[in-house]
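Numbering (the numbering used here), first residue to last: 499 to 964.
Next up, the structure:
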């Protein structure tokens, strides 16, 4: 993305609104920006050619080159696998990055809450998959009105129980005439998160959808990452068995879909297994990697009867991955589990995020206190890892035995080997784990040209909406 934030005009997102983010005025609430930026727009500040060391610490940065590479890697991988990609937008909640993912060919954007869907609609995202059930009456009333207002808006959500279906139907009773909400039956499993506990229960949910006056059966979905957290053989077997059950559910329902079907799974840890077990479903009804129906065509069905213009017994099937963390990746959890991490692939994903924290105290030998803590950096999937040290201009490697042992709200405890030298005022670059809980701590994130440069240059600012 260029500094002006421009995107192509023909994307399924409002490029003008995304670009207009660069006209917002910077103020003290934008953490770590220097006072020299206050009162300027993003464009005006970027025009001053700032460097990362012009900002205050602590700061989270995004590496431009790594983001570009990650978007390309995932887009090419998904295309080669014959699946579509609807990146989980809750990872970044950044319309600027959503636009880049859509520009690279993403089928749509996945989100997790009704409010997140509303944010995406504010920026004109045309195809949204809500990987959750929507039973909030206020959110459903808004959704019905939005589907009626914009015939080009395509939306799908999940249902995992008969009670969910009945609740949605009740709250949609006052929706504009003809509006129907496409839903996917979510399959879960014992010990998992949401989702019907088994295929038989899921079939009962699908039957309830078919009886519904306001819902439309559009496919099946689930989240395999709820059943494993590593790549041990038993974890891989568990994921495969779950995905096979999801495929079985889809086949059981194939003759009853009211529209071209969606089968969706895939976080950022086991997308290779999703492809292995589910990608072939796109071939089972005579279509190889079928082109997804355009938003306009789907919108017509919001106001049509069941299976309008479709052969109910030969639905095309689109397999959709919802991987979200890939765009940022990390130096922690995902670097250890992703099938697209080094050394599992020749062209790996790269960590595009780093924390930068300044040494503010050396109270005893072997201990340095940095000015970044839980308010600034993720810690739920592993503590930050010290990587590089800057005593002024340029970076040098940190000792491999240096580690962050704990985080307080605003401090990191950096443990150093004997003789380790981290002077007061020096800046430590930190590798981070789990982008989902890094971005949510920042409403504005500097994008730098190269995190490994002696003096990284700020080339953009990303707005987030958390």
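The beta-carbon is built from N, C-alpha and C at its ideal position, and this holds for glycine as well.
Count the other CB atoms within 10 Å of the CB of residue i; is the residue buried (16 or more) or exposed (fewer)?
{"i": "residue 945", "result": "buried"}
{"i": "residue 762", "result": "buried"}
{"i": "residue 674", "result": "exposed"}
{"i": "residue 537", "result": "exposed"}
{"i": "residue 766", "result": "buried"}
{"i": "residue 954", "result": "buried"}
{"i": "residue 512", "result": "buried"}
{"i": "residue 823", "result": "buried"}
{"i": "residue 906", "result": "exposed"}
{"i": "residue 636", "result": "exposed"}
{"i": "residue 876", "result": "buried"}
{"i": "residue 588", "result": "buried"}
{"i": "residue 586", "result": "buried"}
{"i": "residue 720", "result": "buried"}
{"i": "residue 543", "result": "buried"}
{"i": "residue 899", "result": "exposed"}
{"i": "residue 528", "result": "buried"}
{"i": "residue 546", "result": "exposed"}
{"i": "residue 727", "result": "exposed"}
{"i": "residue 506", "result": "exposed"}
{"i": "residue 811", "result": "With a pLDDT of 44 at residue 811, under the threshold of 50, the modelled position of that residue is not reliable, and no figure is offered here."}
{"i": "residue 958", "result": "buried"}
{"i": "residue 655", "result": "buried"}
{"i": "residue 574", "result": "exposed"}
{"i": "residue 839", "result": "buried"}
{"i": "residue 806", "result": "In this prediction, residue 806 scores a pLDDT of 30, lower than 50, which makes its location untrustworthy; the coordinate-derived value is nonetheless stated afterwards. Exposed, because fewer than 16 other Cβ atoms sit within 10 Å of the Cβ of residue 806."}
For residue i, report the span of its beta strand (DSSP E) as first-last.
{"i": "residue 623", "result": "Residue 623 -> no beta strand (DSSP E), and no H or E assigned at all."}
{"i": "residue 851", "result": "851-862"}
{"i": "residue 815", "result": "815-819"}
{"i": "residue 913", "result": "910-913"}
{"i": "residue 608", "result": "607-609"}
{"i": "residue 865", "result": "865-868"}
{"i": "residue 905", "result": "901-905"}
{"i": "residue 593", "result": "Taken as a continuous stretch (DSSP letters only), residue 593 belongs to no beta strand (DSSP E), being part of the alpha helix (DSSP H) at 593-601."}
{"i": "residue 961", "result": "956-961"}
For residue i, which residues from the same chain have a beta carbon less than 7 Å from its beta carbon, with the 5 sequence-adjacent residues on both sides left out?
{"i": "residue 644", "result": "619 and 651"}
{"i": "residue 725", "result": "687, 690, 736, 737 and 740"}
{"i": "residue 551", "result": "953"}
{"i": "residue 665", "result": "633"}
{"i": "residue 626", "result": "606, 607, 609, 615, 618 and 653"}
{"i": "residue 882", "result": "853, 875, 902, 910, 928, 929 and 930"}
{"i": "residue 743", "result": "685 and 697"}
{"i": "residue 848", "result": "564, 567, 568 and 827"}
{"i": "residue 951", "result": "none"}
{"i": "residue 611", "result": "630"}
Please work out which residues of its chain come closer than 6 Å, Cβ to Cβ, to residue i, disregarding the five sequence neighbours upstream and downstream, and give them in chain order.
{"i": "residue 797", "result": "Reliability of the predicted coordinates at residue 797 is poor, the pLDDT of 36 falling under 50, and the value obtained from them is presented with this limitation in mind. Only 649 and 650 meet the Cβ criterion."}
{"i": "residue 646", "result": "674 and 677"}
{"i": "residue 557", "result": "530 and 854"}
{"i": "residue 539", "result": "521 and 523"}
{"i": "residue 937", "result": "590 and 962"}
{"i": "residue 904", "result": "911"}
Enumerate in chain order the residues of its own chain whose CB-to-CB distance from residue i is below 8 Å, with the five nearest sequence positions on each side excluded.
{"i": "residue 707", "result": "657, 663, 681, 683, 713, 714 and 715"}
{"i": "residue 509", "result": "597, 600 and 601"}
{"i": "residue 932", "result": "823, 828, 830, 831, 832, 876, 878, 879 and 880"}
{"i": "residue 504", "result": "513 and 517"}
{"i": "residue 695", "result": "686, 687 and 688"}
{"i": "residue 560", "result": "826, 850, 851, 943, 944, 945, 946 and 960"}
{"i": "residue 747", "result": "683, 685, 697, 700, 701 and 718"}
{"i": "residue 750", "result": "697 and 701"}
Which stretch, first to last residue, makes up the alpha helix (DSSP H) that contains residue i?
{"i": "residue 770", "result": "769-776"}
{"i": "residue 640", "result": "635-647"}
{"i": "residue 935", "result": "934-937"}
{"i": "residue 562", "result": "562-579"}
{"i": "residue 834", "result": "831-835"}
{"i": "residue 884", "result": "Per DSSP, residue 884 belongs to no alpha helix (DSSP H); it is in the beta strand (DSSP E), 883-888."}
{"i": "residue 929", "result": "Careful: residue 929 lies outside any alpha helix (DSSP H), inside the beta strand (DSSP E) at 925-929."}
{"i": "residue 517", "result": "513-518"}
{"i": "residue 703", "result": "697-709"}
{"i": "residue 540", "result": "540-544"}
Looking at residue i and the ligand FMN, is the gap between the Cβ and the nearest heavy atom below 7 Å?
{"i": "residue 506", "result": "Ligands are entirely absent from the displayed structure, and the ligand FMN is therefore not among its contents."}
Is residue i close to chain D, meaning its C-beta is less than 8 Å from at least one C-beta of that chain?
{"i": "residue 589", "result": "Protein chains in the displayed structure number just one, and chain D is not present."}
Does the segment 745-761 come close enough to the segment 553-572 to have 3 or more Cβ pairs within less than 8 Å? No: the two stretches stay apart, fewer than three of their Cβ pairs being nearer than 8 Å.
Determine contact between the segment 934-942 and the segment 912-923, defined as no fewer than three beta-carbon pairs at a distance below 8 Å. no
Run through the segment 719-770 for me and flag every whole beta strand (DSSP E) of 3 or more residues, listed as ranges in chain order. Segments of the beta strand (DSSP E) lying fully in the segment 719-770: 759-763.
Give the list of continuous beta strand (DSSP E) stretches no shorter than 3 residues that lie fully inside the segment 646-688. Correct list: 652-657 and 679-684.
Is the segment 833-844 in contact with the segment 774-783, if contact means three or more CB pairs nearer than 8 Å? Contact fails: fewer than three Cβ-Cβ distances are below 8 Å.
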